[in-house]
Structures are given as C-alpha cells and as structure tokens.
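Data first, discussion second: the structure below is written as structure tokens.
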C-alpha cells in the first residue's frame, strides 16, 4: 500500500513538472499583450508591479505596431513607385526623344532602393534595442523618442522621393505626349530641360 501511494505521488510530481516545463518553454503568441508579457518574462524577469508592467507592455505594443506599419507602408509605396518608374524606363527605351530623362529616372530608382534598405535596417535595430532593454522604463522612453524621430525622417524622405518621381513623370508625360509629340520635340525638350535643371530659362 505504501509503495502504491509513493508511486502515485511520484507520478503526480512528474506530471506537474512536465506541465511546468511545457508552460515555461512555450511562448504565448496569441495576442500582442501575450507577446509583451513573454518578452518581459524571458529577457530580464524582475518584480514589477502591475502599473509599471502595464506601462512597459503598452510601450512595447505601440512601438512595435508603429514600426511594422511604417515598414509596410514604406515598402508598399516604394514598390509601387519603382514599378511605375521601371515602366517609364521601358517606355523611354522605345522613345528616343525621352532619352534626356533616363539618367534622372535611374538616379531616382537608386535613391528609392537605398531609402528602403536604410529604413528596414533602422527599424530592425530599434526593435532589437527595445527587446534587449525592455525592462528599463527610462530607456524605453528614450527608445520611443528615437523611434518617433526615425519614423518621421523615413516618412519625409520617402514622400520627398515620391514627389520627385511624380514631378518628373508628369513632366515627361505632358511634354512628350501632350504638348509636342513631334519630330521637332528634341530641341524643345532641351530648352525645357535647361530651364528646369540648369537655371537657363527659355520661353517655351
């Protein structure tokens, strides 16, 4: 009877230990709040009270959501713009009178690609900083400020590049296909180019 009772107790202890290990090694990823809880517990567990813990979790959730949204928006915008520019370049290849804009379009494509790479790298670095220092409230506040600044800079740069692309594309379309789509267009476009890019303004 004693042996049976001992065996039963041993099985119960083993079951509890197995359950504990399974619970401890399984990262809850159902919601953003669960993910924030898991990060705090895994990285640097400390005896936070409910207010501070909720404060840190809220910061993590907000920052991560903002970063993901910014990256997605920037990537979508850049992909769309690059596709449009590539189409324009293809058109340029079959329109000799458009050759004056080939260099500008290529430069714009390079700038867009660089902006995307820099934005993604910055976001990844900021996320790593947040994960490593997630339990330091002051540091989290500093990181949030950095994230906001980075997001603003990325948005401004991307919008500026997109505006440049749109301006050049509109100029090409209007000048080539609406104003003067004729064989005498080359001399006209040279004057337009000088007026727009060299400051040597002509009446056209």
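Numbering (full-length UniProt numbering), first residue to last: 1 to 204. For glycine and all other residues, C-beta sits at the position ideal for the given N, C-alpha and C.
For this session: Return the CA-CA distance between residue 69 and residue 62, expressed in angstroms with no decimal places.
Result: Going from the Cα of residue 69 to the Cα of residue 62 covers about 11 Å.
Exercise. Among the residues of its own chain, which have a CB less than 8 Å from the CB of residue 71, if the five just before and after it don't count?
Worked result: Once the five neighbours on either side are set aside, the close Cβ partners of residue 71 are 119, 120, 123.
Problem set entry | Cβ neighbours of residue 78 in the same chain (closer than 6 Å, five flanking residues each side left out) | Excluding the 5 residues flanking it on each side, residue 78 has same chain C-beta neighbours closer than 6 Å at 112, 116, in chain order.
Exercise. Expressed to the nearest angstrom, what Euclidean distance is found between the alpha-carbon atoms of residue 212 and residue 153?
Worked result: Residue numbering for the chain in the displayed model covers 1 to 204; residue 212 lies beyond these limits and cannot be assessed.
For this session: Using only alpha-carbon positions, find the residue among 146, 82, 59, 74 that is nearest to residue 157.
Result: Nearest neighbour of residue 157 by Cα position, chosen from 146, 82, 59, 74, turns out to be 74.
For this session: State buried or exposed for residue 60, treating a residue as buried only when at least 16 other CB atoms are found within 10 Å of its CB.
Result: Buried, since its Cβ has 16 or more Cβ neighbours within 10 Å.
For this session: Using 10 angstroms around the beta-carbon of residue 150, count the other beta-carbons present and answer buried if the total reaches 16, otherwise exposed.
Result: Residue 150 comes out buried.
Exercise. Would you call the CB atoms of residue 147 and residue 67 closer than 8 Å?
Worked result: A contact, by the Cβ cut-off of 8 Å.
Exercise. Alpha carbon to alpha carbon, what distance is there between residue 64 and residue 165?
Worked result: Roughly 30 Å separates the two Cα atoms.
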